[in-house]
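Using this note's numbering, the first residue of the sequence shown is number 10, and each one after it goes up by one. Presented below is the structure to which this report refers.
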Amino acid sequence: MSDPAVSVVVPTRDRAAYLDVALASLRDQRDAPPHELLVVDDRSTDETRAVAARHGVRVVPARAPGGLNAGRNTGIAATTAPVIAFVDDDVWAPPTWLAALHAGAERHPDAGALGGPIRARLLGPAPRSCGREPAPITTLDLGPGDRDAERIWGANLTVRRGAVEAVGEFDESLPIYGDEEEWQARLLASGGRIAYVADAWLEHRRMGPDSRLRALARAEYRRGRAARRDDRRKGSELPLGSELRNIAGAGWHTVRRRCPQGLIMGAHSTGRLVEALRGGR
């Protein structure tokens, strides 16, 4: 077998059902370059290892508990390819994803990081949308055509090994929000480049009970708190008045548009406000 051109790394913890979907899609890539596929397991207690074994995918334990960046660093150390593609365990990649990603890396040889669109898909009893609010899970769409980017979200983030060697590993002290952003900021500060590859898209999914309004709102509340903590780290916190206005705007959207997804927006803003009032306590 040829040396891999791309290492695909999936950090995970206790999400066997999602991982099953992700690995099935990653094993079904067409016209793909030589590649290796690795799961980095952060102390899962469910069927994670059995799922990976069923797909014939190697599993290694995360070298430190509790964060995606530890999983990413573990994956970098455990693989050999010059290009490392990180995907979240709750994605579905179309059969063209890896070929498109590799072609993008070839088109942008000076890019230390790259990635593509992330499309939301809710499978299950999802709340009704009026079409005017953002998706209730992470998405990315920078428009048609390749272009330079300031950041790529971690669900579909690829880095070059040489860039990691130049600017250092991912910071394992960071929380779940902003974890990948700090590394990309270092890359740009060093004179590096980030490329958006428009045809290397994948889906970010929520299935079953996770697609219900209550579950989505709870997740957004946690993300809101994490986002405010990340703003504090960067010294870019919004005034409390702005956080309150965002909550009011979400409430207006919910009532005026009769749109339950406004409650999800409100949960995010409420999480931000709670974190601001607690001041990190």
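Positions of the beta carbon are idealized from the N, C-alpha and C atoms, including for glycine.
Query: Could you please give me the residues that DSSP links to residue 124 through a beta bridge?; Result: 166, 205
Query: Judging by CA-CA distance, which residue of 98, 207, 173 is the nearest neighbour of residue 194?; Result: 173
Query: So what's residue 20 in DSSP terms, helix, strand or just coil?; Result: strand
Query: Could you check if residue 90 is buried or exposed, using at least 16 other CB atoms within 10 Å of its CB as the buried criterion?; Result: buried
Query: Mind reading off the beta-carbon distance from residue 246 to residue 237? Whole number of angstroms is fine, and I expect it under 8 Å.; Result: 7 Å
Query: Run the CB neighbour count on residue 189, radius 10 Å, all protein chains shown included, and call it buried at 16 or more, exposed below.; Result: buried
Query: Using the beta-carbon count (16 or more within 10 Å), is residue 125 buried or exposed?; Result: buried
Query: Please state whether DSSP places residue 67 in a helix, a strand or coil.; Result: strand
Query: Checking 8 Å against the spacing of the C-beta atoms, do residue 108 and residue 155 come in under that value?; Result: no
Query: I need the straight-line Cα distance from residue 163 to residue 92, nearest angstrom please.; Result: 15 Å
Query: Indicate the three-state DSSP secondary structure (helix, strand or coil) for residue 129 in the structure shown.; Result: strand
Query: Comparing C-alpha positions only, which one of 277, 235, 87, 266 sits nearest to residue 254?; Result: 277
Query: Provide the residue span of the beta strand (DSSP E) that contains residue 266, from first to last.; Result: Taken as a continuous stretch (DSSP letters only), residue 266 belongs to no beta strand (DSSP E), as it is neither H nor E.
Query: Taking residue 169 as the reference, which of 157, 31, 239, 120 has the closest Cα?; Result: 120
Query: Starting from the Cα of residue 98, find the closest Cα among 34, 171, 208 and give me that residue.; Result: 34
Query: Residue 79: which of 94, 51, 148 sits nearest, CA to CA?; Result: 51
Query: Considering only residues of the region 207–278, which uninterrupted beta strand (DSSP E) runs meet the minimum length of 3 residues and lie entirely inside it, listed in chain order?; Result: 211–216
Query: Classify residue 218 as buried or exposed, calling it buried when 16 or more other Cβ atoms lie within 10 Å of its own Cβ.; Result: exposed
Query: Ends of the alpha helix (DSSP H) at residue 117?; Result: Here residue 117 belongs to no alpha helix (DSSP H), and DSSP marks it neither H nor E.
Query: Taking only three categories from DSSP, how would you classify residue 281?; Result: helix
Query: Buried or exposed: residue 239, going by 16 or more other Cβ atoms within 10 Å of its Cβ?; Result: buried
Query: Just confirm the distance between the C-beta atoms of residue 95 and residue 81, as a whole number of angstroms; I'd bet it's less than 8 Å.; Result: 6 Å
Query: To the nearest angstrom, how far is it from the Cα of residue 166 to the Cα of residue 123?; Result: 6 Å
Query: Whether or not the region 206–222 and the region 142–151 are in contact is what I'm after, with contact meaning three or more pairs of Cβ atoms, one per stretch, closer than 8 Å; do they touch?; Result: yes
Query: Please classify residue 36: does DSSP put it in a helix, a strand, or coil?; Result: coil
Query: Quick check: the Cα distance between residue 77 and residue 262, rounded to an integer number of angstroms?; Result: 33 Å
Query: Report back the beta-carbon spacing between residue 28 and residue 57 to the nearest angstrom; my notes put them in contact at under 8 Å.; Result: 6 Å
Query: Per DSSP, what kind of secondary structure is residue 161 in: helix, strand or coil?; Result: coil
Query: Verify whether the separation of the beta carbon atoms of residue 271 and residue 259 is less than 8 Å.; Result: yes
Query: Alpha carbon to alpha carbon, how far is residue 15 from residue 206?; Result: 16 Å
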